[in-house]
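Colleague:
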Amino acid sequence: MEAKVLNFPDAMKLAQILGKYIDTESIKDKSLLDFLDELLKKISPPDYSKSMLLITGEQLGDISLLSGEEILNTFAIGLEKNKIISLLETYKTIGFGQ
Amino acid sequence: MNNLNQTDIMIQILLKAAGVVEELKRQTTALNKLTEAADKAKAAVAGVGGTEKTATQLNNTATSAQKVATNVEKIEPAANKAGKGLWSLRNVARTALGTLEAMAIFLITRFIGQAITKSIESIKQLELSLWKLQAAEKSLSEAGVGITPKDLLSIADELQKQFSFISDIDAKKAASNMALLTKDLKLTKEQMTELTKIAALWSFEFGIAMDAAVTEVGNALVTNGRGLKDRGIQVDAAVIRENAVNAGLVANAEAYDNLTAEQKQNIDVLSLMDIMQKNVKASMEDMNNPLIAVTMATGELNAAWENFTTKAGTVFRPALLALLKGLTLYLEVWQNGFTMLQIVIAGFVASLDAMFLTIDDILAGRIKSSEDFAKAFSKNMETATKAAFTTAFPGGVPDLTVGGTTIAGTSILNKYIENMKDTKTGLSETTTDVIKELGASAEDIAKAIDDAKKTIDDALADLEFDRVEAKIDLDIKLEDIGIKLGQQLEDAERNYKEKIVDINQKYSEKVSDINRDSSEKRQDAIRKAHEDEVNEERDFQNKLLALKEDFLMDLDDALHARDARQVLRLIRQYNLDKARLIRERADKKAENAAELAQNLSDINQDRERRLADAARERKQDLANAKKDYAEKRAELKLNAERERADAKRDYDRKLADLQRHFNEKMDALLRSIVQEGKLNAAGAKMVYDALNAYRPGGAIWNTWANYLKYVQAIQAAVAGSVPGTINRQDDYALRHPGTAGSYKPVTQNPFPYHPGGYAEGGTLLANRPTTVTFGEGGLEMARFTPIGRRGRDTNKIFSNLGGGAGMGGNLKLQVVMSEGLVAEIIDTSLKNVTSVIETVRRERR
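In the order they appear, the protein sequences are chains A and B.
Heads up, our numbering is the position in the first sequence plus 10, with the first residue counted as 1.
Heads up, our numbering is the position in the second sequence plus 14, with the first residue counted as 1.
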């Protein structure tokens, strides 16, 4: 299953979901693992699933068949491909986050 | 039901991912711990002055660890590419852990051996030095010297205060040994202090141990400088006397000779001290030289390590002894081969890890009492042992057969842990004090790091400011040079043109003069010829008249005489004379005409010649002027180039100076933290590592700098993308003719980052014509705002509106959104857009 680069509306949706859990200022000095650990501890299962749906464009049932490593891997690559930090900052910069 | 299932699935997905993260974190922590332990071992062994071979091996280990880390980093992009998951990192970590462990074990074992030996040795040396102090005081007392143990300790303190590379033990030993060596000289406390300082410099100057330096200096003093010969210093009675006079210790040689034996001995001692001081003076100056900072730092680290091992030896003596016992026990059952080896290895790793974890606890201030220490060490020992044994034996510790008896693997592990836990006992009061002392240093470290960060921030700000200022200076200088060159070239061109005008004018005047002169000469010649002609004509007529009158007179006479022959002869004569005169006159006229023609020809030739000379002269002048002009231009350009090169060199030097000063400042700062903070070796390394990472070029700094660049680029791209969205399709088509319609915003990263470009966003301020390059790293937008008009223009800057020419008064923003996008986003964005339009309109009133 492949993580996709999202179009503008979907990217904004992703930012809207993850923006609630990610403080772009405080994560700058964190390692990827710490960042993921903190995020997964805070995020609600529905929001995580919505993020995965956006990132993969697949059905929930298909996603659930993946192993934990594959899920995490796809999620992390999705964040990386969509430049999550700058996406969130952009989301805030253009006023959507207010 | 369906909803319930869906919720379950969602929870299941999240739990799966979270579980993997947790597992990875555990693996990474284990890897980090081992790497950290290897780093600490490396630093500690380097401080202890381990053998070259050991240091090299440890370096190799660190390099291997670095390689492992690099390989782990490489995994990520490779895994991304393959799409098989970067989380195969887990396997890599496991492999790396095993490799690193295997490579580090042998070296760590050797380190532990050295650390134990050194720690125990340090305790002995400390006790010995204290005993020596007492012995020295007793001996001095017997010799009638009034120096108390307190004085000796004060000498040692004074010595250590000035020379940070001398350890507690060395300082105390130096004071007591020096006192014993020179007791017969009956030196005062001050003299003794000076002498030990000279010994410290002696040790630094000649690269010998403090003990040896004290012996050399002390012996030199009691043998009237004879021992100094080995150091290439020739001293005898005459030299001592001469130096005493030169140093002003005595008025003159005679006064020296008149001294009593006791006075002479005193003066000799002072003179010898002066001689030795002069010989190590260079060293004293060198101590402030940053070039030898490394030597100093090494010395300081050695001293810090010795102080640390003294304290650590006291604290960890029970633990170290227990470890030795454990080692012996395990080595006794060596016949169990590889399994035992693994157990030993795991034990070593665990002990080392626990020891350093406990030291870290102390440094972090988590341990304030012996109870805290016992708890922490026991806990750390258990954690570290379990982690080490789990790693060494993923399937559990196997059972062992020793002398026909089978020992269960779990029993081995538990026994080991119990054995290690026993080390919590046996903590004395002294130990508690030492722990408190070590614990207090944690505050020093924290404070030192905070203070240092502030200092570094200030220094960095200064450095950045100075750099920017230097760059501005350079730019201004270069621009001034350019302006000056332009003016000089203009002057040179103007001068050249003026010179050409002068040359042409001069030529014109000359031609005019020549023509005028020639014309005058012609007129003169013609006038003279005419006047001559008139005169000659008049003479001719007069002669004709006279001839006629003479003829008539003679004819009259002949007629009166009725002489026909005479009449005829006179008529013939008259005709002949008249014809002769007419002929002569005609000849003369012809001659005059020829002469005039010749004169006129000469005048003309002279004119032609002079005109040719003038033209040649003009041509030469023009060529000279052109050559001068070209040379002047070349010279001016060359001068400008030199000035530019000078300015660039000055700038480079200034940058290099700034960087050097900064580095020196940082080195001095780090050294002073170690000295002033009285940190032990581990604490000093913590501070050093923390600050080094924070410095420019350090890991944290680089990450931060790159991140900052990245964010700035993104912000610039975002700022540029707002008007760009109006006609992005058209814009793309304009920029890429023939590709209309190929722009695909859906699959393109909306905020591409182009590293390496110069104009990566930001604001420029210019008060003179300035050339700006932008867009070389990708799509960028420039907007220029006049700010010369106070109030109105400045307001544009602070209201973040931009403005200026080309805005047209209205900003059209087209936002394409899918149906699913929530209305809140649209509302917010429209509010922002409205705000922009309102403000822009207000600005235009």
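Positions of the beta carbon are idealized from the N, C-alpha and C atoms, including for glycine.
The model shown is predicted, which means the values in this text are computed figures rather than measured ones.
1. For the candidate residues I81/A, Q26/A, L97/A and Y101/A, whose alpha-carbon lies nearest to that of D57/A?
2. Three-state secondary structure (DSSP) at M11/A?
3. Spell out whether any CB of chain B is found under 8 Å from the CB atom of E79/A.
4. With DSSP as the reference, label A226/B as helix, strand or coil.
5. Based on Cα-Cα distance, which residue from T196/B, A170/B, V236/B and L194/B lies nearest to K211/B?
6. On a CA-only basis, which of N260/B, L672/B and I517/B is nearest Q634/B? Give me that one, please.
7. Taking the CB atoms as reference points, tell me whether L50/A and A86/A lie closer together than 8 Å.
8. Please confirm if the segment 537-549 of chain B is in contact with the segment 584-596 of chain B, defined as three or more CB-CB distances below 8 Å between the two stretches.
9. How would you write the range of the alpha helix (DSSP H) that R255/B sits in, first residue to last?
10. Residues of chain A with a CB under 9 Å from the CB of T21/B: which are they?
11. From K40/A to T404/B, what distance separates their C-alpha atoms?
12. Just to confirm before moving on: does the CB-CB distance between A539/B and N606/B stay below 8 Å?
13. Consider the Cβ of Q69/A: report whether some Cβ of chain B lies at a distance smaller than 8 Å.
14. In angstroms with no decimal places, state the Cα-to-Cα distance between L166/B and A189/B.
15. Quick one, are the C-beta atoms of V283/B and L235/B less than 8 Å apart?
16. Measuring alpha carbon to alpha carbon, tell me which residue in A275/B, A593/B and Q673/B is nearest D476/B.
17. Between L50/A and chain B, is the shortest Cβ-Cβ distance under 8 Å, so that the two count as touching?
18. Under the rule that 16 or more other beta-carbon atoms within 10 Å means buried, what is L195/B, buried or exposed?
19. With distance defined between alpha-carbon atoms, name the residue in D288/B, S526/B and K197/B nearest to A629/B.
20. Considering Cα atoms alone, identify which of E478/B, V249/B, G500/B and T162/B is closest to M287/B.
21. Could you tell me whether any Cβ in chain A is nearer than 8 Å to the Cβ of Q26/B?
22. Return helix, strand or coil for V35/B, following the three-state DSSP convention.
23. If T84/A and T103/A are in contact, beta carbons under 8 Å, what's the gap, nearest whole angstrom?
24. May I ask which residues mark the beginning and end of the alpha helix (DSSP H) holding S36/A?
25. Let's test the definition: count the other Cβ atoms within 10 Å of the Cβ of D616/B and tell me whether it reaches 16, buried, or not, exposed.
26. How should A578/B be labelled, buried or exposed, when 16 other C-beta atoms within 10 angstroms of its C-beta is the threshold for buried?
27. Using the rule of at least 16 other Cβ atoms within 10 Å of the residue's Cβ for burial, across every protein chain shown, is S285/B buried or exposed?
28. Which two residues bound the contiguous alpha helix (DSSP H) that contains I169/B?
29. Strictly below 7 Å CB to CB, what residues from chain A border L38/B?
30. Which residues in chain B sit within 9 Å of D47/A, going by Cβ to Cβ distance?
31. Using only the alpha-carbon positions, how far apart do G262/B and I281/B sit?
32. Please confirm if the segment 521-536 of chain B is in contact with the segment 617-626 of chain B, defined as three or more CB-CB distances below 8 Å between the two stretches.
33. Would you say S74/A faces chain B, with C-beta separation under 8 Å as the test?
34. In chain B, what lies closer than 7 Å to F59/A by C-beta?
Modeller: So, from the data block:
1. Q26/A
2. DSSP places M11/A in coil when its eight states are reduced to three.
3. yes
4. helix
5. A170/B
6. Selected option, being the one with the closest Cα: I517/B.
7. no
8. no
9. A251 to N260
10. What T21/B touches in chain A: P55 and P56.
11. 28 Å
12. no
13. It does not; no Cβ of chain B falls within 8 Å.
14. Distance from the CA of L166/B to the CA of A189/B, rounded to the nearest whole angstrom, comes to 6 Å.
15. yes
16. Q673/B
17. yes
18. buried
19. S526/B
20. Taking only the C-alpha atoms, the option nearest M287/B is V249/B.
21. yes
22. helix
23. About 27 Å; that fails the 8 Å criterion.
24. No alpha helix (DSSP H) contains S36/A, which DSSP labels as neither H nor E.
25. exposed
26. In this structure A578/B is exposed. Its beta-carbon is surrounded by fewer than 16 other beta-carbon atoms within 10 angstroms.
27. buried
28. P163 to Q176
29. L43
30. In chain order, A32, V35, E36, L38 and K39 make up the part of chain B whose C-beta sits under 9 Å from the C-beta of D47/A.
31. Rounded to the nearest angstrom, the two C-alpha atoms are 10 Å apart.
32. Contact between the segment 521-536 of chain B and the segment 617-626 of chain B is present, because at least three Cβ pairs lie under 8 Å.
33. yes
34. For clarity, residue 59/A is Ser in the given sequence; the question names Phe instead. Within chain B, the C-beta atoms nearer than 7 Å to that of S59/A come from M24 and I27, in chain order.
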